[in-house]
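Note sheet for the following structure.
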Amino acid sequence: MATNQVIKFITHMLAIILCAIGLVLSANLTAQAQTHEQDKRVEHITLRIAVASSFTPILARLANDFSQQHKVTIETISASSGTLYQQIVYGAPFDLFLSADDLRPEKLAEQQLISPESLATYAQGQLVLFGLSQKPLDYAFLANYRGRIAIANPKTAPYGKAAMQVIESLAIGEQLTLITGQNVAQTYQQVITQGVPIGLVSLGQLMINKQSGYVIPQRLYQPILQKMVIPKQSKQPQLAREFQQFLLSEQTQRQLTQLGFTAVSAQGDD
């Protein structure tokens with residue numbers, strides 16, 4: 017009888033031990049599953065940036081470093097600044113807006129459609145005359161040119177607006193046939209494919225594509241101050257602020273200078 021009691025005791029203890037082991041294994045598996053789910057969530061964080069077409073190739077080069085450092089995916093939505101502005105007004109879910117001008121971001125601020133204190137200048141653009149002709153492109157060439165010239169839509173694209181200011185400053189409108197693209201990226205394509213002999217585009221576009229052109233004197237057009245804001249409907253406002261700081265950092269500003277932009281002070285505009 018004593019032997020039976022010992023066997024029962026041992027069996028009972030083994031059951032307890034096995035149950036404990038099962039609970040530990042279950043807890044470990046649950047913890048691993050939770051960690052895996054957390055890792056998946058981290059991997060799927062996406063920062064949606066609405067960016068002016070002139071700055072899109074520049075952003076593509078810069079954003080890779082930020083994406084790797086923060087382990088996030090950066091999704092870019094490219095169009096003219098005016099088009100993106102309208103989309104934000106109607107509630108498009110962008111986390112950050114990089115305009116090619118100061119007008120649209122400032123209008124969004126006036127309409128209280130941005131995150132507080134997110135308005136800042138991130139670059140100053142430069143306008144260039146670009147063409148594949150063998151003739152040297154310079155001031156005299158533009159002032160005396162007669163024929164077709166490609167520009168971005170001056171109503172929605174800041175570089176198109178600047179192009180019109182140059183044409184008006186030189187009083188050459190009557191001798192030109194304007195070929196208007198939706199944005200400055202389209203204008204660049206019109207020239208590079210030789211659909212139009214020459215065009216007024218962004219210096220940044222030429223630098224990123226290893227092309228050259230005639231840099232238009234600043235006195236012929238108003239400064240192209242490129243500002244950014246975090247729309248009120250941003251789903252990643254903190255990450256968007258970190259990206260703003262990244263753009264305004266000394267290292268990134270040096271890169272922008274090398275890519276055809278004038279560096280700016282890392283100060284907000286609010």
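Using this note's numbering, you'd call the opening residue of the sequence shown number 17 and step up by one each time.
Quick reminder that beta carbons are idealized off the backbone N, C-alpha and C, glycines included.
Note that this is a predicted model, so its numbers are computed, not measured.
Tell me where the alpha helix (DSSP H) around residue i begins and ends.
i	result
Q142	No alpha helix (DSSP H) contains Q142, which DSSP labels as neither H nor E.
I104	97-105
T193	From DSSP, T193 is part of no alpha helix (DSSP H) but of the beta strand (DSSP E) over 192-197.
What are the boundary residues of the beta strand (DSSP E) that residue i is part of?
i	result
G7	Examination of residue 7 is not possible in this model, given that the chain is present from 17 through 286 alone.
I74	Taken as a continuous stretch (DSSP letters only), I74 belongs to no beta strand (DSSP E), being part of the alpha helix (DSSP H) at 72-86.
K243	240-245
L129	Premise fails: L129 is in no beta strand (DSSP E) and is neither H nor E.
G220	No beta strand (DSSP E) holds G220; the alpha helix (DSSP H) holding it covers 219-224.
L114	112-114
Tell me which same chain residues have a C-beta within less than 6 Å of the C-beta of residue i, skipping the five on either side of it?
i	result
S265	none
S97	A68, S115, A116, D117, R120, P174
V212	R164, A166, I195, Q206
Q221	Y204
N199	S69, S96, A168, A173
L158	L145
Inspect the beta-carbon positions of residue i and residue j and report whether they are closer than 8 Å.
i	j	result
G147	Y175	no
A136	Q260	yes
P247	F113	yes
L219	V280	no
L100	L255	no
Within 10 angstroms of the Cβ of residue i, are there 16 or more other Cβ atoms? Answer buried if so, exposed if not.
i	result
R270	exposed
R57	Only weak support exists for where R57 lies, its pLDDT of 48 falling under 50; the value from the coordinates is given anyway. Label assigned to R57: exposed.
R77	exposed
P73	buried
Y161	buried
S134	buried
Here's a check: name, in chain order, each residue in its chain whose Cβ is nearer than 7 Å to the Cβ of residue i, leaving out the five neighbours to either side.
i	result
Q210	L148
H52	Residue confidence is low: H52 scores 49 on pLDDT, short of 50, so the model does not pin down where it sits. Its coordinate-derived value is still stated next. The answer is none, since no qualifying residue turns up.
K177	P170
L272	A139, A279
Apart from the five residues just before and just after residue i, which ones in its own chain have a Cβ nearer than 8 Å to its Cβ?
i	result
T193	G163, R164, I165
Using a beta-carbon distance below 8 Å, is residue i in contact with chain D?
i	result
A108	Of the protein chains in the structure, only one exists, and it is not chain D.
Would you call the region 123-139 and the region 185-192 in contact, with 3 or more CB pairs under 8 Å? no
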